[in-house]
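When you read off a place in the sequence shown, starting at 1, and then add 60, the result is the number in the numbering used here. Below is one structure; the comments refer to it alone.
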Amino acid sequence: MGIIIRQSLKAGLGSYIGVGIGIINQMYVSTKFLSVEQLALTRLLFENSLLFSAFAHLGTPFIADKFFVRFRDDQEEHNGILPFLLAVPFVGGILFAILYFLCSDLIQEYYSTNSPLLLRYHILVIPLTLFWLYMAVLESYCRNNARIAVPNFIREVFLRLANMLLILIFGLGWISFDLMLYMVIALYGLGVVSLVIYIKHLGKWYWRRPNPNILTRELFKKMLAYGSFTLIGGIGVNLMLFIDRSMLAGERGLVQTGIFIIAAYIAGVIEIPKKAISQISIPLLSNSLTKGDYAHVRMINRKSALNQLIAGGLFFLLIWSSIDEIFYLIPKGETYREGKLVVLFLALVKVFDTGTGLNTEIILYSKFFKFATYFIIASAILGFFLNVWLIPIYGFVGAALATMLTTIIYSLSRLIFVWRKFDVQPFTAGSLKIVLILISLYLLTFLEPKYEFSKWTAMAAIVIRSTIFCLLYAILILKLKLSEEIETVFNNVKRRLL
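If you want it as structure tokens, here you go:
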């Protein structure tokens with residue numbers, strides 16, 4: 061248990077460092093040194109490769125997480141599961157590359173009018189997809205060997221930092237844009253090599269033929285069936301996350317896509333606390349569901365939803381109250397400012413989603429786990445058709461509306477399902493109080509005096525406003541006793557200081 065805790069703490073630290081690097085890269089380095097079209101292009105290559113790798117790996121990471129326990133035996137070199145895990149995505153990668161080449165004419169036709177720059181580089185999606193799928197597989201192998209810190213560091217810190225440095229080198233004029241892209245692709249190949257070296261360093265690079273007594277024909281069929289089912293869910297998740305960008309590039313061009321990407325990134329900061337809180341809650345939730353202790357599930361869900369709403373609501377307040385200053389400070393902010401409504405729509409729906417609690421996790425770790433995939437597939441299909449309808453009419457605002465409507469329907473569907481199946485719902489009187497507090501604090505912004513924007517006044521306004529809001533928010537949360545967890549943390553800190 062100790063190694064798991066240590067690895068989790070190290071991985072968590074790496075994730076937060078990666079988030080910090082990502083914010084600096086996306087909000088300053090990329091916007092300063094890349095044109096809007098170049099920024100959109102690099103993000104599309106990255107996001108499309110993630111989407112394609114979600115089905116090219118044929119569900120191998122999920123197979124590893126589900127069935128590794130049957131092979132686990134260091135004395136027997138894990139009964140040869142590693143070669144199996146590497147062979148399956150190799151087949152998937154070859155099939156993907158063939159399919160992509162066959163669809164090349166359709167891709168060129170779709171993007172030729174509005175995003176011709178993308179066509180010069182779209183073939184780079186193939187190697188990037190192959191690198192991503194093997195990174196996912198090798199990370200799953202490390203995870204099942206109770207080693208997550210180094211793989212997490214490679215993905216969250218090393219790759220992001222190196223990516224940012226390459227953009228800086230390009231911005232200084234030392235390399236061309238073409239060379240920068242090729243080096244970025246090679247960087248992800250280096251990530252795969254680094255994972256291989258790490259696994260060999262651990263002494264876990266077991267290269268032997270799979271044990272036929274364990275990998276029977278019956279188990280092989282079960283593994284492929286499970287991988288196929290979870291694969292569909294993985295595709296659905298990635299379609300929900302990234303399809304709007306690709307469709308926007310085809311319909312309205314890379315400039316609008318770049319504006320949408322930066323606006324979506326700003327709004328996406330709201331989800332950071334949710335990910336941390338849900339990861340902490342999952343082990344307790346899974347144990348309670350296994351025991352059928354739905355009263356405890358209800359308690360965990362409500363506390364998680366409340367704390368997620370508190371954290372997500374604060375992030376929304378800080379972002380939206382200073383949105384004009386944020387766009388002023390971003391390089392090329394006069395262009396990216398056009399995505400202000402996108403930030404509002406996406407930020408609001410993310411706050412709503414965080415406030416609905418752990419519905420996905422409850423479904424996923426219960427006997428109704430298949431419904432998690434059904435909801436994702438239905439939402440991906442809905443999102444696709446909403447984007448087809450709204451993007452030609454409203455451009456990037458239409459993409460934001462499509463995402464907002466899809467997320468609301470997706471969240472409400474899961475909430476209603478969990479309420480009916482488990483008699484568990486996330487809302488309390490505290491939820492309403494938090495919403496009222498957020499509205500009241502935001503209304504204070506209308507009392508602010510007008511001032512002339514400059515770099516220093518904008519930064520000072522953000523710092524002063526954010527400090528005041530954080531203090532008032534904390535005081536109100538503590539005075540109204542809305543969160544036991546926050547109150548406990550506050551009391552512990554107070555005791556140490558006094």
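Note that CB positions come from ideal geometry on N, CA and C, so glycine has one too.
Where Asn361 falls: helix, strand or coil (DSSP): Along the sequence shown, read from residue 1 onward, the residue named residue 361 stands at position 301. Helix at Asn361.
Cβ contact (3+ pairs, closer than 8 Å) linking the region 444 to 453 and the region 396 to 409: Taking a contact to require three or more Cβ pairs closer than 8 Å, the region 444 to 453 and the region 396 to 409 do not qualify as touching.
DSSP state of Cys163 mapped onto helix, strand, coil: Taking the sequence shown and counting its residues from 1, one reaches residue 163 at position 103. Cys163 falls in the coil class under three-state DSSP.
Pro270, enclosing alpha helix (DSSP H) - first and last residue: The sequence position of residue 270 within the sequence shown is 210, counting from 1. Secondary structure note for Pro270: it is in no alpha helix (DSSP H), with a DSSP letter that is neither H nor E.
Cβ-based neighbour list, Gly62, same chain, cut-off 6 Å, excluding 5 preceding and 5 following: For this step, residue 62 is matched to residue 2 along the sequence shown. Legend: pLDDT at Gly62 = 44, less than 50; position of this residue unreliable, no value from coordinates given.
Rounded separation between Ser306 and Ile422 - CA only: The residue given as residue 306 occupies position 246 in the sequence shown. The residue given as residue 422 occupies position 362 in the sequence shown. Those two C-alpha atoms are separated by around 32 Å.
Identity of the residue in Asn212, Leu104, Val148 and Ile227 nearest Ile183 by Cα: The sequence position of residue 183 within the sequence shown is 123, counting from 1. Nearest C-alpha to Ile183: Leu104.
Local Cβ density within 10 Å of Lys334, reported as buried at 16 or more and exposed below that: Residue numbering aside, residue 334 sits at position 274 when the sequence shown is read from its first letter. Counting Cβ neighbours within 10 Å, Lys334 comes out buried, since at least 16 surround it.
Three-state class that DSSP yields for Pro391 in the structure shown: Taking the first residue of the sequence shown as 1, we reach residue 391 at position 331. In the three-state reduction of the DSSP assignment, Pro391 falls in the coil class, being assigned neither a helical nor a strand state.
Contact check, Gly415 vs Ser491, beta carbons under 8 Å: Residue numbering aside, residue 415 sits at position 355 when the sequence shown is read from its first letter. Residue numbering aside, residue 491 sits at position 431 when the sequence shown is read from its first letter. Against a cut-off of 8 Å, the Cβ pair of Ser491 and Gly415 comes out as a contact.
8 Å contact criterion, which Leu374 and Tyr533 should meet: CB distance rounded: Position 314 of the sequence shown, counting from 1, holds the residue named residue 374. Position 473 of the sequence shown, counting from 1, holds the residue named residue 533. 6 Å between Cβ atoms; contact.
Start-to-end residues for the alpha helix (DSSP H) that takes in Pro452: Locating residue 452 in the sequence shown gives position 392, where the first residue counts as 1. Pro452 -> alpha helix (DSSP H) spans Lys430 to Tyr454.
Buried or exposed by the 16-neighbour rule on C-beta atoms within 10 Å, applied to Gly143: Taking the first residue of the sequence shown as 1, we reach residue 143 at position 83. It is worth fixing the name first, because residue 143 is Pro in this sequence and not Gly. With fewer than 16 Cβ atoms within 10 Å of its Cβ, Pro143 is classed as exposed.
Rounded C-alpha distance that separates Val329 from Phe506: Taking the first residue of the sequence shown as position 1, residue 329 is located at position 269. Taking the first residue of the sequence shown as position 1, residue 506 is located at position 446. Between Val329 and Phe506, the C-alpha separation is close to 24 Å.
Cβ distance (whole Å) where Asn174 is taken to contact Gly313 below 8 Å: Here residue 174 refers to the residue found at position 114 of the sequence shown. Here residue 313 refers to the residue found at position 253 of the sequence shown. 4 Å between Cβ atoms; contact.
Coarse secondary structure for Val484, derived from DSSP in three states: To locate residue 484, count along the sequence shown from 1; it is residue 424. Looking at Val484 - three-state DSSP - the assignment turns out to be coil, as it is neither helix nor strand.
Where Trp234 falls, given that 16 or more other Cβ within 10 Å makes a residue buried: For this step, residue 234 is matched to residue 174 along the sequence shown. Classification for Trp234: exposed.
Candidates Ile259, Ile499, Arg480 and Ala355: closest to Tyr201 by CA position: For the purposes of this step, residue 201 is taken as the residue at position 141 of the sequence shown. With distances taken between Cα atoms, Tyr201 lies closest to Ile259.
Cutoff 7 Å; reference Ala327; Cβ partners in own chain excluding five residues on either side: Looking up residue 327 in the sequence shown gives position 267. Once the five neighbours on either side are set aside, the close Cβ partners of Ala327 are Val403, Leu406, Ala407 and Lys410.
The region 223 to 243 / the region 144 to 153 touching (three or more Cβ pairs under 8 Å): In short, these stretches do not touch, since the Cβ pair count stays below three.
Selected residue, minimal CA-CA separation from Gly231, among Thr420, Leu472 and Thr91: The residue labelled residue 231 in the question sits at position 171 within the sequence shown. When each option's Cα is compared against that of Gly231, the closest is Thr91.
Buried or exposed by the 16-neighbour rule on C-beta atoms within 10 Å, applied to Ala116: Here residue 116 refers to the residue found at position 56 when the sequence shown is read from its first residue. Flag for Ala116 reads buried.
Simplified DSSP assignment, three categories, for Pro509: One-based indexing of the sequence shown puts residue 509 at position 449. In the structure shown, Pro509 sits in coil (DSSP, three-state: anything other than H, G, I, E or B).
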